[in-house]
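>
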Amino acid sequence: MQSTLSAVDVPVSTESSASAISWGPIIAGAFAASTLSFILMLLGSGLGLTMVSPWSGSGASITTFAVSTAVWLVVVQWLSSGVGGYLAGRMRTKWVDIHTDEVFFRDTAHGFLAWALATLLVVGVLGSALTSMLGSGVQAASTVVSGAAMGASAGAAGNAGSASADNATSYFVDSLFRPADPSKLAAANPQNDAAAASQASRILIASAAAGEISADDKTYLSQLVAARTGLSEADAKARVDAILAKAQDAKVKAKQAADTARKASATFALLGALSLVVGAFIASAAAALGGRQRDEEEAVFLTSR
Numbered sequence: 004m005q006s007t008l009s010a011v012d013v014p015v016s017t018e019s020s021a022s023a024i025s026w027g028p029i030i031a032g033a034f035a036a037s038t039l040s041f042i043l044m045l046l047g048s049g050l051g052l053t054m055v056s057p058w059s060g061s062g063a064s065i066t067t068f069a070v071s072t073a074v075w076l077v078v079v080q081w082l083s084s085g086v087g088g089y090l091a092g093r094m095r096t097k098w099v100d101i102h103t104d105e106v107f108f109r110d111t112a113h114g115f116l117a118w119a120l121a122t123l124l125v126v127g128v129l130g131s132a133l134t135s136m137l138g139s140g141v142q143a144a145s146t147v148v149s150g151a152a153m154g155a156s157a158g159a160a161g162n163a164g165s166a167s168a169d170n171a172t173s174y175f176v177d178s179l180f181r182p183a184d185p186s187k188l189a190a191a192n193p194q195n196d197a198a199a200a201s202q203a204s205r206i207l208i209a210s211a212a213a214g215e216i217s218a219d220d221k222t223y224l225s226q227l228v229a230a231r232t233g234l235s236e237a238d239a240k241a242r243v244d245a246i247l248a249k250a251q252d253a254k255v256k257a258k259q260a261a262d263t264a265r266k267a268s269a270t271f272a273l274l275g276a277l278s279l280v281v282g283a284f285i286a287s288a289a290a291a292l293g294g295r296q297r298d299e300e301e302a303v304f305l306t307s308r
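Its first residue numbered 4, the sequence shown is counted upward by one per residue in the numbering used here.
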């Protein structure tokens, strides 16, 4: 019995010294995909600029622009990943003594690696622009939140006659102290004007931060405007109410713009992530297709010889 068992050949597990990854086709496919992506990005930028107009109401909205950009990213990933993945599968050498399922898996992995390398190359070239685009919504929202603090800093650092006070608050202050009689502007004392403007700026900034102006501040502001402009107390109060309404309207519009930018950035980010998933799938499928066609055509060629 022992001699019978020793005569039986026991199979020995062997491991191929060759790697299952062919980096040459992967790199070639990645370069092809990244180059095509860059060309399509330039084409998309040109088409996108035709949608933008400096004239109000004549161009596409920020939401439409963001959605169109994200859809174009899906198209870019579809085309470039398909080309890169197909080349990665078609250009690899034939694997011998490998099961069909293993060949399919390796081709799929080659397509995925080609897509991943191409994505890294594109991000390296266009990373700053993409980061800026994605961060625009967050920056717009944070600008609204920190607007009161920024305005307070500008008001403390500048005065009515300095260039640093050239902002929206300065315009509202100028509107408050615009004399009813223009001849009074030349006779006004610059020092007094600066002090009045500073007080009015601080009142407006404090009311913007609090969300409303107190009754005492509103009364004092009306008296200050009446004293500096020569208006009656009723007219001065009406002017203050009008300026406060304009400031509130500007604040609401700023919040609406920030919210629109936030939603557009979120849509762009989600569709951008979807485009990457689509690109990975297309590259893998295209590589499997290219590898299968390569093996089939080689088999047909060898048979015909």
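Virtual Cβ for every residue (Gly too), placed ideally from N, Cα, C.
Model, not experiment: these values are computed from the prediction.
(1) Any idea if W75 is buried or exposed, counting beta-carbon neighbours within 10 angstroms, 16 or more meaning buried?
(2) Pairs of beta-carbons, one from the stretch 210–228 and one from the stretch 272–279, closer than 8 angstroms: are there three or more?
(3) So, L224 versus I206, is the Cβ gap smaller than 9 angstroms?
(4) Compute the Euclidean distance between the alpha carbons of A229 and D252, then round it to the nearest angstrom.
(5) Rounded to whole angstroms, what's the CA-CA distance from G3 to A119? Just pull it up for me.
(6) Would you mind reading off the limits of the alpha helix (DSSP H) that contains S268?
(7) According to the neighbour-count rule (16 or more other Cβ atoms, all chains shown, within 10 Å of its Cβ), is D110 buried or exposed?
(8) Taking all protein chains shown into account, decide if A35 is buried (16 or more other Cβ within 10 angstroms of its Cβ) or exposed.
(9) Cα-Cα, which of E301, F284, A291 and V303 is closest to W309?
(10) Using 9 angstroms as the threshold, is the C-beta distance between A112 and I30 below it?
(11) If we ignore side chains and look at the alpha-carbon of each, how far apart do V126 and S40 end up?
(12) For the 8 angstroms Cβ check, are there 3 or more pairs between the stretch 84–96 and the stretch 288–302?
(13) Using only the alpha-carbon positions, how far apart do A73 and A197 sit?
(14) How big is the Cα-Cα spacing for E236 and A199?
(15) Around the Cβ of L50, are there at least 16 other Cβ atoms within 10 angstroms (buried) or fewer (exposed)?
(16) Return no unless some Cβ of chain C is closer than 9 angstroms to the Cβ of T306.
(17) Quick one: give me the first and last residue of the alpha helix (DSSP H) that K219 is part of.
(18) If contacts are defined as beta-carbon pairs under 8 angstroms, then A286 and S84 qualify, I think. What distance do you get, rounded to the angstrom?
(19) Under the rule that 16 or more other beta-carbon atoms within 10 Å means buried, what is D219, buried or exposed?
(20) Which of the three DSSP states, helix, strand or coil, is assigned to F180?
(21) Cutting at 8 angstroms between CB atoms, please list the residues of its own chain near V243, excluding the five before and the five after it.
(22) How about L43 and V77: are their beta carbons less than 9 angstroms apart?
(23) Sort K97, A33, F107 and L45 by Cα distance to A121 and report the nearest one.
Checking against the coordinates, here is how it stands:
(1) Taking a 10 Å sphere around the C-beta of W75, we find 16 or more other C-beta atoms and assign the residue as buried.
(2) As far as the Cβ criterion goes, the stretch 210–228 does not touch the stretch 272–279, which means the pair count is below three.
(3) For L224 and I206, yes; Cβs fall inside 9 angstroms.
(4) A229 and D252 have their C-alpha atoms roughly 24 angstroms apart.
(5) Since the displayed the chain opens at 4 and closes at 308, residue 3 lies outside it and no answer follows.
(6) E236 to S307 is the span of the alpha helix (DSSP H), which, as asked, contains S268.
(7) It is buried - the Cβ of D110 has at least 16 other Cβ atoms within 10 Å.
(8) When all chains shown are included, A35 counts as buried.
(9) No answer is possible for residue 309: the residues shown for the chain start at 4 and end at 308.
(10) Between A112 and I30, the C-beta spacing is not below 9 angstroms.
(11) Taking the Cα positions, V126 is about 11 angstroms away from S40.
(12) Verdict: yes, contact present.
(13) Taking the straight line joining both Cα atoms gives about 50 angstroms.
(14) Approximately 16 angstroms between the Cα atoms of the pair.
(15) With fewer than 16 Cβ atoms within 10 Å of its Cβ, L50 is classed as exposed.
(16) Among the chains of the structure shown, chain C does not appear; only one protein chain is present.
(17) The amino acid occupying residue 219 in the given sequence is Asp; Lys does not appear at that position. D219 -> alpha helix (DSSP H) spans A218 to T232.
(18) With a Cβ gap of about 4 angstroms, A286 and S84 count as contacting.
(19) The residue is exposed, with fewer than 16 neighbouring Cβ atoms inside 10 Å.
(20) Reduced to three states, the DSSP call for F180 is coil.
(21) Around V243: L179, K221, L224, S225 and V228.
(22) No, they are not a contact pair.
(23) The shortest Cα separation from A121 among K97, A33, F107 and L45 belongs to A33.
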